[in-house]
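Per this note's numbering, the very first residue in the sequence shown carries number 3; after that it's consecutive.
Note that beta-carbon positions come from the ideal geometry of N, C-alpha and C, so glycine has one too.
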Amino acid sequence: MNNTITSYHTTYIDESKAIVELISKDYDVIGAISFIIVVLLWYSMGMVCMLCMQIKVRDETFEYYAKRRANILIETLRDQTHTKQIL
């Protein structure tokens, strides 16, 4: 039969000191903040570029349809004048 002895060692840890020690030893606050800022800027620039591309496409589409309407109107006016001249 195996007899095992288990001993427990309990210590009281002050949470505020533990957090301060953890932050000061293992965590680079300035690096983390700069990384977050860079990532947010990168994503915001991407979103702005996508919005600009959408707006540009809409403007080009609007111009195309406006020119098309104008061309159709001009063609119908020409047809009307040609028919009047023929008559």
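Asked	Found
Per DSSP, what kind of secondary structure is D30 in: helix, strand or coil?	coil
Return the CA-CA distance between V31 and E65, expressed in angstroms with no decimal places.	51 Å
Note down the Cα distance separating T82 from Y67, rounded to an integer number of angstroms.	Strictly speaking, residue 82 in this sequence is Gln, with Thr absent from that position. Q82 and Y67: Cα-Cα distance of roughly 22 Å.
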